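Heads up: the structure comes next, in structure tokens.
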Amino acid sequence: MKNKISITIALVVVILLAAYACLFQVRYDEVAIRTHFDSAGDKSLITEPNLYVRWPWPIDRVHKYSKRLQVLEDQLEEQQTADEKAVIIRTYVAWRITDPLNFFKRLETNKSAQETIKHAEAQMVPLLRTTRGIISQYSFEQLVNTDASKLKLTEIEDKATAQLQSRIDDSGYGITIDKVGIRRVMLPEKTTESVFETMKKTRERMAANARQEGKAKAAAIQSDAETASKRMKAIAERRAQAIRAKGDREAAQYYASFAAEKEDFAIFLFKNEALKEMLKNNSTFVLPAEDLGLFESVGKVNLPAAK
Numbered sequence: 045m046k047n048k049i050s051i052t053i054a055l056v057v058v059i060l061l062a063a064y065a066c067l068f069q070v071r072y073d074e075v076a077i078r079t080h081f082d083s084a085g086d087k088s089l090i091t092e093p094n095l096y097v098r099w100p101w102p103i104d105r106v107h108k109y110s111k112r113l114q115v116l117e118d119q120l121e122e123q124q125t126a127d128e129k130a131v132i133i134r135t136y137v138a139w140r141i142t143d144p145l146n147f148f149k150r151l152e153t154n155k156s157a158q159e160t161i162k163h164a165e166a167q168m169v170p171l172l173r174t175t176r177g178i179i180s181q182y183s184f185e186q187l188v189n190t191d192a193s194k195l196k197l198t199e200i201e202d203k204a205t206a207q208l209q210s211r212i213d214d215s216g217y218g219i220t221i222d223k224v225g226i227r228r229v230m231l232p233e234k235t236t237e238s239v240f241e242t243m244k245k246t247r248e249r250m251a252a253n254a255r256q257e258g259k260a261k262a263a264a265i266q267s268d269a270e271t272a273s274k275r276m277k278a279i280a281e282r283r284a285q286a287i288r289a290k291g292d293r294e295a296a297q298y299y300a301s302f303a304a305e306k307e308d309f310a311i312f313l314f315k316n317e318a319l320k321e322m323l324k325n326n327s328t329f330v331l332p333a334e335d336l337g338l339f340e341s342v343g344k345v346n347l348p349a350a351k
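Everything in the sequence shown is counted per our numbering, starting at 45 for the first residue and increasing by one.
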């Protein structure tokens with residue numbers, strides 16, 4: 045009985061080992077390359093998820109690669125801008141394997157799939173650093189700015205992506221570059237001081253422009269006010285001249301009547317003014333009866349009683 049159990053267990057173990065050696069699974073997010081004596085042909089590529097059969101090692105070997113997006117992040121590196129300012133840039137590459145068979149033929153080193161991925165990224169790093177030279181074509185303000193309309197980061201990333209893809213295609217790695225991105229932009233200490241000084245001068249220039257604009261607006265307002273004042277004075281002057289002309293026309297009809305007795309009328313007015321001057325200090329004086337009657341007839345002059 046014990047022998048039967050031992051035999052059964054041994055048989056199960058052998059079957060499991062044989063299944064492990066002769067079967068392999070490809071998941072939905074993977075592709076596999078099945079080589080025969082380390083040689084890969086057109087039928088070596090497996091893209092559909094399923095359970096597959098193989099010859100045991102070392103006859104057949106299976107290399108699996110992920111279909112998912114891979115992200116390679118490069119180290120911080122100082123870069124010069126077009127206006128000769130230094131910035132420290134950290135970039136990243138999002139990539140995926142789109143031609144697994146070609147990827148295997150170009151990069152396989154008889155190591156694990158993960159080691160092959162690392163080897164591919166090691167090949168991309170120098171290409172990525174060369175691609176970052178695009179940054180030198182742009183000014184500092186196009187990399188760092190509070191005004192989003194002046195930033196050119198998206199344009200830089202698109203150009204870098206296209207350039208890196210072109211170089212990857214030339215190398216024939218079977219890789220597609222999804223995006224080259226700028227993860228971080230830092231400033232060296234000297235650049236920071238220069239930036240602050242530039243910002244200070246910019247703000248001072250903006251303040252000076254604002255003051256000049258204010259003065260120009262004030263001068264325009266004052267000019268408009270003076271123009272309006274002159275226009276109103278001219279209108280008032282014309283109106284006054286019209287009134288004086290009307291008064292002259294109405295007074296002209298009385299000139300003929302006054303002309304006949306102008307001497308007596310002038311004497312009368314002179315006496316009236318003289319009388320007002322003499323009565324300022326409440327003086328007492330004696331007038332002839334005929335003059336008294338004359339002034340009383342004029343009215344509005346109260347004389348004290350004669351002494």
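Glycine is no exception: its CB is placed at the ideal position from the N, C-alpha and C atoms.
Please read these numbers as outputs of a predicted model, since none were measured by experiment.
My output table needs one value for residue i: the three-state DSSP class, helix, strand or coil.
i       : result
Val-345 : A caution first: Val-345 carries a pLDDT of 43, below 50, which makes its placement in the model unreliable, though a value can still be read off. In the structure shown, Val-345 sits in coil (DSSP, three-state: anything other than H, G, I, E or B).
Val-106 : strand
Ser-215 : helix
Ala-206 : helix
Asp-292 : helix
Gly-85  : coil
Thr-125 : coil
Asp-191 : coil
Thr-91  : coil
Lys-259 : helix
Lys-111 : coil
Lys-48  : helix
Lys-196 : coil
Exposed or buried, which one is residue i when buried takes at least 16 other CB atoms within 10 Å?
i       : result
Trp-139 : buried
Leu-208 : buried
Ile-279 : exposed
Ala-286 : exposed
Lys-261 : exposed
Leu-55  : exposed
Thr-160 : buried
Phe-81  : exposed
Thr-175 : buried
Ala-318 : exposed
Ala-204 : buried
Ile-178 : buried
Ile-212 : buried
Ile-265 : exposed
Start and end of the beta strand (DSSP E) containing residue i?
i       : result
Ala-157 : No beta strand (DSSP E) contains Ala-157, which is instead part of the alpha helix (DSSP H) from 157 to 175.
Asn-94  : 94 to 97
Leu-116 : 114 to 117
Ile-132 : 130 to 141
Arg-78  : 74 to 80
Glu-414 : Any answer about residue 414 is impossible in this case: the structure gives the chain only from 45 up to 351.
Leu-67  : 67 to 70
What whole-angstrom Cβ distance do residue i and residue j have, given they're in contact under 8 Å?
i       : j       : result
Thr-142 : Ile-49  : Actually they do not touch by this definition, with Cβ atoms about 52 Å apart.
Ser-88  : Leu-145 : 7 Å
Val-75  : Tyr-109 : 5 Å
Thr-125 : Ser-180 : 7 Å
Val-229 : Val-188 : 6 Å
Leu-120 : Arg-134 : 5 Å
Ala-84  : Ile-90  : Rounded, the Cβ-Cβ distance is 11 Å, inconsistent with contact.
Phe-147 : Tyr-217 : 6 Å
Gly-358 : Tyr-136 : Residue 358 lies beyond the residue range present for the chain, which begins at 45 and ends at 351; the question has no answer from this structure.
Val-70  : Asn-47  : Their Cβ separation, rounded to whole angstroms, is 40 Å, which puts Val-70 and Asn-47 out of contact at 8 Å.
Can you tell me where the alpha helix (DSSP H) with residue i in it begins and where it stops?
i       : result
Gln-150 : According to the sequence provided, residue 150 is Arg. The question's Gln does not apply to it. From DSSP, the alpha helix (DSSP H) with Arg-150 extends over 144 to 151.
Beta-carbon within less than 6 Å of residue i's beta-carbon, same chain only, minus the 5 sequence neighbours each way: which residues are those?
i       : result
Arg-8   : Missing from the structure shown is residue 8; the chain here goes from 45 to 351 and no further.
Glu-122 : Ala-130, Ile-132
Ile-53  : none
From the beta carbon of residue i, is the nearest beta carbon of chain D less than 8 Å away?
i      : result
Ala-84 : Judged by its chain identifiers, the structure shown contains no chain D, having just a single protein chain.
Whose C-beta lies closer than 8 Å to the C-beta of residue i among residues of the same chain, with five residues either side of it excluded?
i       : result
Arg-173 : Asp-118, Glu-121
Cys-66  : Val-97, Arg-98, Trp-99, Pro-100
Can you list, in chain order, the residues of its chain with a C-beta nearer than 7 Å to that of residue i? Leave out the 5 residues immediately preceding and following it.
i       : result
Tyr-182 : Thr-125, Ala-126, Lys-196, Ile-200
Glu-185 : Lys-194
Asp-222 : Leu-113, Ala-138, Trp-139, Arg-140
Ile-59  : none
Glu-165 : Leu-116
Ala-157 : His-107, Lys-108, Tyr-109
Gly-343 : In this predicted model, Gly-343 has a pLDDT of only 45, less than 50, meaning its place in the structure is not dependable; the value taken from the coordinates is given anyway. Around Gly-343: no qualifying Cβ.
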